[in-house]
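Visitor:
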Amino acid sequence: MDHIREQHAAIVQEVIKAYKTLRRKMPNHGLLNLVTLSEDEQRISLSPEIYNRCLPNGYSGQYPATGALVNYYHALDNAADGRSYRLPPPSPLETTG
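With the numbering used here, the residue at position 66 of the sequence shown is 66, and numbering never jumps.
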């Protein structure tokens, strides 16, 4: 379990770096709305929308927050570098709700 916790913490740190890079380059980018950076910029809070936007339909993994953050990191990194990014399609609840 410690290994999983360490991996999650490492992913969070990479997300924070990518978030700050994108915020510096494009402060109004829509991806920035999926997490909130703490005042000290050491922690993040996930919006409920991140699960709909960053997990594939039908995701059944054991660690949804980590799965969402991995996809989110790649989207942030690509957006900051001006590359295209693609998040999984929205869940059926989001499109029909």
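The C-beta atom is built at its ideal place from N, Cα and C for all residues, glycine as well.
(1) Give the DSSP-derived three-state secondary structure of Thr-66 in the structure shown.
(2) Restricting to Cα atoms, I'd like to know which of Tyr-59, Cys-54, Ala-68 and Ala-75 is closest to Pro-88.
(3) When DSSP builds the beta bridges, which residues end up paired with Val-35?
(4) Give the single residue among Pro-48, Val-15 and Arg-5 whose Cα lies nearest to the Cα of Val-70.
(5) By Cβ distance, which residues of its chain are closer than 7 angstroms to Tyr-72, with the 5 residues on each side in sequence left out?
Guide: According to the data block:
(1) As a working mapping, residue 66 is identified with position 66 in the sequence shown. Three-state result, Thr-66: helix.
(2) Here residue 88 refers to the residue found at position 88 when the sequence shown is read from its first residue. If we check each option's Cα against that of Pro-88, Cys-54 comes out closest.
(3) Indexing the sequence shown from 1 puts residue 35 at position 35. DSSP output for Val-35 lists Leu-46 as bridge partner(s).
(4) Sequence index remark: in the sequence shown, residue 70 carries index 70 (1-based). Nearest C-alpha to Val-70: Val-15.
(5) Residue 72 sits at position 72 when you count from the first residue of the sequence shown. So the qualifying residues of the chain are Val-15, Leu-34, Ile-50 and Cys-54.
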